[in-house]
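Take the sequence shown: its letter number 275 is residue 1314 in my numbering, and every next letter is one higher. We put the beta carbon where it would ideally sit given N, CA and C, even for glycine.
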Amino acid sequence: MLKKFFGGKGSEKTGPSRPEATHSIDDLITLERYDEAIAELEQRTKRQPRDLHSHLKLANVYAATRQAAKALDRYLFVADSYTEDGFYDRALALLAKVAKLAPHDDSVLARTTRIQKLKALEHSRVQVVQGLVRGGEGESPLERTSPVDAQRVWQGIAGSKLVERLGPDQLKRLMSAVAITDWDVGETVAASESGVARMFIVVSGQVEAVLPDPATGKNLQLRTFAPGDLFGESVLLEHKLWPATYRVVERARLLRLDRAGLEKAMTGNPDPRALLEALRVQHSDRDVAAAVAKLLTSPG
């Protein structure tokens, strides 16, 4: 009975009938049983395609066994997955390691450059949202910009030349100084020859610059403005008159910058010239003014 509960010599399993202890993948790698480790990891990554830890471990084993091409494919897969999930620092750190494995592979450099840009863009997004939210802190609760609205603004201007040229800190300064305005189809944003000192950044919708045809009196479209475009820079920055009439052709959301806002964005700005140059980057008013001049001087 005691032997039944506590065991004894007769209860021990000996010889070939005792099952062999199974090894973990880490054990197989430590024992340099790489073929078995690769087989296990390949099966695991097939079952769980998003198991990035196993993909990374498999890449390391491929590298240890001099299977460079396979290792590179796995490393890049993990780096791309990190990027998709927004883990830019992880992706860049991994690509720095991969660059040593494949120093002449252009795809590694291309990915690194792309991720660095995405990381910088994400930083800009955060600053734009913060600037828009904080810019309305003094307003009533109903008038304050919510983070959701601020994110929608970002989506409209993310691909613009303004964002491309301005760093995150400058964008935050500018966004804290603008007002978000909504316009219906047919509304006039600015009238020709008026001197109302403000400029606009298109977030959504479409605005057109028009001028009456001297011959027919009908409005001629000089230019259209889509999300990310700026107009009115010459009026605000150079104290000129509006060169044409700007009206909404598709319900629009615009960021309005007036003189008070510009002064706010410039106060304490370490590089005011950079901000002003970015606001002028499209030269929209100049182009519209040139179109107006051509229209008025053309014969007939």
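Per DSSP, the unbroken beta strand (DSSP E) holding threonine 1263 starts and ends at 1258-1264. Contact between serine 1243 and arginine 1292 is confirmed by a C-beta separation of about 5 angstroms, below the 8 angstroms threshold. Pairwise C-beta distances place the stretch 1188-1204 out of contact with the stretch 1148-1158, as fewer than three of them are shorter than 8 angstroms. In the three-state scheme derived from DSSP, where H, G and I count as helix and E and B as strand, proline 1311 is classed as helix.
In this structure the stretch 1306-1314 does not touch the stretch 1249-1266; the number of beta carbon pairs closer than 8 angstroms is below three.
Annotated three-state conformation of aspartate 1221 is strand, per DSSP. Linking glycine 1267 to lysine 1139 through their CA atoms gives a straight-line distance of about 40 angstroms. Remark: C-beta atoms of arginine 1298 and alanine 1236 approach each other more closely than 7 angstroms.
The three-state reading of DSSP puts threonine 1284 in strand, counting E and B together. Under the rule that a run must span 4 or more residues, the alpha helix (DSSP H) segments found entirely inside the stretch 1056-1097 read 1064-1069, 1073-1086. Straight across, the Cα-Cα distance linking arginine 1290 with valine 1228 is about 12 angstroms.
One Cα belongs to leucine 1095, the other to glycine 1307, and the distance between them is close to 47 angstroms.
DSSP places threonine 1227 inside the beta strand (DSSP E), whose first and last residues are 1227-1229. A Cβ-Cβ separation of about 36 angstroms leaves serine 1120 out of contact with glycine 1174 under the 8 angstroms criterion. Annotation: aspartate 1074 to aspartate 1112 spans about 18 angstroms, alpha carbon to alpha carbon.
Between the alpha carbons of arginine 1319 and serine 1273 lies a gap of roughly 8 angstroms. Taking 7 angstroms as the cut-off, the beta carbon of alanine 1265 is found closer than this to the beta carbon of glutamine 1245. DSSP lists Asn1258 as the beta-bridge partner residues of proline 1251. Short of 7 angstroms from the beta carbon of valine 1327, and not among the five residues preceding or following it, lie these beta carbons of its own chain, in chain order: Ala1248, Leu1261, Arg1262, Pro1282, Ala1283. Under the DSSP definition of a beta bridge, serine 1243 partners with Arg1292. Secondary structure of aspartate 1188 (DSSP, three-state): helix. Inter-residue distance for leucine 1160 and tyrosine 1127 is about 11 angstroms (C-alpha atoms, whole angstroms).
Scanning Pro1207, Val1100, Arg1086, His1092 for the CA closest to the CA of threonine 1069 turns up Val1100. Alanine 1098 is positioned such that its CB atom lies closer than 7 angstroms to that of tyrosine 1114.
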